[in-house]
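Working notes, beginning with the structure itself.
Numbering (my numbering), first residue to last: 3 to 142.
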């Protein structure tokens, strides 16, 4: 059993979330956290960890096309450090390449017919689902 993973597509204004079942078979989107305050975002994530019995965080890392890290990656590193400080010592936190996940999320949502604000509201969590699916495919 892999345990529940919470995938996170971190953003400075909106953070997409997705979780899996304890067996690591399915990935479901969760409502995005809309906050420009790091402390509020971390508090919301801690609630999800507690309520859903999450055993690991999987954080999307926004590498540049050449594989290097740009400015956005710096924000994600700060976010990961804040998560490490807020969670118990030894809690598993991993990162995963998230290149092209937003593009794939756009494609998936394009099939639903969602547009405008409705699409924007679920885009980040759909990207988190893509990140989680890729992780589950290689770890289960």
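By construction, the Cβ of each residue, glycine as well, lies at the ideal position given by its N, Cα and C atoms.
Among 14, 23 and 97, which one has its Cα closest to the Cα of residue 37? 14
Is it buried or exposed, residue 18, if we count other Cβ atoms within 10 angstroms and call 16 or more buried? buried
Under three-state DSSP, which class holds residue 66? coil
Can you pull the DSSP bridge partners for residue 19? 10 and 32
State the CB to CB distance for the pair residue 48 and residue 8, rounded to an integer number of angstroms; the pair is presumed to be in contact (CB under 8 Å). Actually they are not in contact, since the Cβ atoms of residue 48 and residue 8 sit about 10 Å apart, beyond 8 Å.
Give a yes or no on contact between the stretch 84-96 and the stretch 52-69, applying the rule of three or more CB pairs nearer than 8 Å. yes
Hey, out of 90, 71, 64 and 70, whose CA is closest to residue 10's CA? 64
Reducing DSSP to helix, strand and coil, say where residue 55 ends up. Note: residue 55 maps to coil in three-state DSSP.
Nearest residue (CA-CA) to residue 40, options 137, 71, 91 and 12: 12
Beta-carbon separation (whole angstroms), residue 25 vs residue 44, contact threshold 8 Å: That belief does not hold up - the Cβ atoms of residue 25 and residue 44 are roughly 28 Å apart, past 8 Å.
CB of residue 29 within 8 Å of CB of residue 134, strictly: yes
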